[in-house]
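Q:
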Amino acid sequence: MNLLARIAFGSRTLWAAAAAACFGSVVMALVAQHRFDMQPCPWCILQRVVFLLIGAVAVLGAVSAGTTGRRSGFGRGLQIGLAGVNLLLALAGAAAALYQNLVAAATHSCDLSLADRIISGLRLDRWLPDVFEVRATCAEAAVSLLGVPFELWSLMLFLLLGGLMGLLARRAMD
Numbered sequence: 342m343n344l345l346a347r348i349a350f351g352s353r354t355l356w357a358a359a360a361a362a363c364f365g366s367v368v369m370a371l372v373a374q375h376r377f378d379m380q381p382c383p384w385c386i387l388q389r390v391v392f393l394l395i396g397a398v399a400v401l402g403a404v405s406a407g408t409t410g411r412r413s414g415f416g417r418g419l420q421i422g423l424a425g426v427n428l429l430l431a432l433a434g435a436a437a438a439l440y441q442n443l444v445a446a447a448t449h450s451c452d453l454s455l456a457d458r459i460i461s462g463l464r465l466d467r468w469l470p471d472v473f474e475v476r477a478t479c480a481e482a483a484v485s486l487l488g489v490p491f492e493l494w495s496l497m498l499f500l501l502l503g504g505l506m507g508l509l510a511r512r513a514m515d
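Residue numbering for the sequence shown follows my numbering, starting at 342 and increasing by one per position.
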């Protein structure tokens, strides 16, 4: 019996778990920001956006896992496509977290970085400033939880989500 067959959770449950992890991570970031005054930098905000996108796609995956029929060509293709989109988003999020840890956190100015341009271009900071407004430089935003920098927690979650998306795509192909 292969590993995929031994996993007891259905695809819908795995998609829902991915969505919950993504939305939960953003809620935790907002609690840290508004309750504990840990202000976000541009790369923090960009990672929030990526988590929200992955979560939204995961909700679509959970809904479609139960309604499209796993064995139908359309249902399988949709599940593989959604998992592929989320895998790419997870890799982008992992790259952002790694860049924040290795480069941006060491500088006292991250003005006009790629993250700044994306956030400004999407105008998210104007629509929902409490969630998406940049309020610190990357060096100022350097915070650890249990001795591990926040961005490395994000990196671990992005990698876990990427692995989960690979599993979901593989399941849809079988």
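Glycine included, C-beta positions come from ideal geometry on N, C-alpha and C. This structure is a prediction, so every number in the text was calculated from the model and none was measured.
How would you write the range of the alpha helix (DSSP H) that V484 sits in, first residue to last?
A: It is not in any alpha helix (DSSP H) - V484 carries neither H nor E in the DSSP assignment.
Q: Relative to the alpha-carbon of S366, which residue among G507, A357, L498 has its alpha-carbon at the smallest distance?
A: That would be L498, whose Cα lies nearest to the Cα of S366.
Q: Apply the 10 Å Cβ neighbour rule to M514 and answer buried if 16 or more other Cβ atoms are within range, or exposed otherwise.
A: With fewer than 16 other Cβ atoms within 10 Å, it is exposed.
Q: Under three-state DSSP, which class holds D515?
A: Reduced to three states, the DSSP call for D515 is coil.
Q: Please indicate yes or no: does the CB of I386 lie closer than 7 Å to some heavy atom of the ligand MG?
A: Looking for the ligand MG in the displayed structure turns up nothing, as the structure carries no ligands at all.
Q: Please return the same chain residues whose Cβ sits closer than 8 Å to the Cβ of A438, not counting the five positions on each side in sequence.
A: Cβ neighbours of A438 beyond the five flanking positions: W384, Q388, E492, L493, S495, L496, F499.
Q: Should W468 go down as buried or exposed, given a rule of 16 or more other Cβ atoms within 10 Å for buried?
A: Label assigned to W468: exposed.
Q: Which first and last residues belong to the alpha helix (DSSP H) in which D471 is found?
A: First-last of the alpha helix (DSSP H) with D471: 470-473.
Q: Which residue wins for smallest C-alpha separation from L394, given the options S405, S485, A362?
A: It is A362 whose Cα lies nearest to the Cα of L394.
Q: Indicate whether the contact test is met: 3 or more Cβ pairs, each with one atom in the stretch 457-474 and one in the stretch 425-435, closer than 8 Å.
A: At 8 Å Cβ cutoff, the stretches do not touch.
Q: Over what stretch of residues does the alpha helix (DSSP H) that includes T354 continue unbroken?
A: Taken as a continuous stretch (DSSP letters only), the alpha helix (DSSP H) holding T354 covers 352-377.
Q: Using CA coordinates, which residue listed in L486, L423, R476 is at the minimum distance from L355?
A: The option with the nearest alpha carbon to L355 is L423.
Q: By alpha-carbon positions, which one of C382, R353, R417 ends up nearest to A477?
A: The shortest Cα separation from A477 among C382, R353, R417 belongs to C382.
Q: Alpha carbon to alpha carbon, how far is R353 from L508?
A: The alpha-carbon atoms of R353 and L508 are separated by roughly 13 Å.
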